[in-house]
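Below: the structure, in structure tokens.
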Amino acid sequence: MATRVLIADDDDFCASTVQALLSSLSIESEIVTNGIECCEKLESEPGKFHIVLMDFWMPEMDGLEATRCIKDLGLGQVNKVYGITADSDPEIIAKGRNSGMDDVFIKPLSIPTLRKILP
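Counting in the working numbering, the final residue of the sequence shown is number 1575, and the numbers go up one at a time with none missing.
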């Protein structure tokens, strides 16, 4: 079964760049633009996505709250939630991990970084 990634990011350029990088690695992905859409997508299509790449700061529901929702409710049978942020502040990264993110990566993501986190 092919790995499928859900990208949650309200920045169109960042999201489409990550999607293009994943595509170059033959990884299927879809994009949502906020935490509510992310949780709804995972709930409506359980088992479809294996990994979520979650931006921290999005409208309506941020990535930290969405991650807690995914982990607490077991939404979508997701294996891993990775935070993605442009903020390298150690306190912000700690907030991500404390919310349940499996790890946090600083934007922009690169192919070597994606290879590390993909099965």
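Where is the CB? At the ideal position from N, CA and C, for every residue including glycine.
Could you name the residues of the same chain whose beta carbon sits closer than 6 Å to that of Cys1525, not counting the 5 residues immediately before and after it, in chain order? Cys1495
Between the stretch 1527–1543 and the stretch 1476–1483, can you find at least three pairs of beta-carbon atoms closer than 8 Å? no
Have a look at Pro1546 and Asp1559 and give me their C-alpha separation to the nearest angstrom. 13 Å
For Asp1545, does the three-state DSSP call read helix, strand or coil? coil
Inter-residue Cα distance where the pair is Gly1556 and Asp1511: 13 Å
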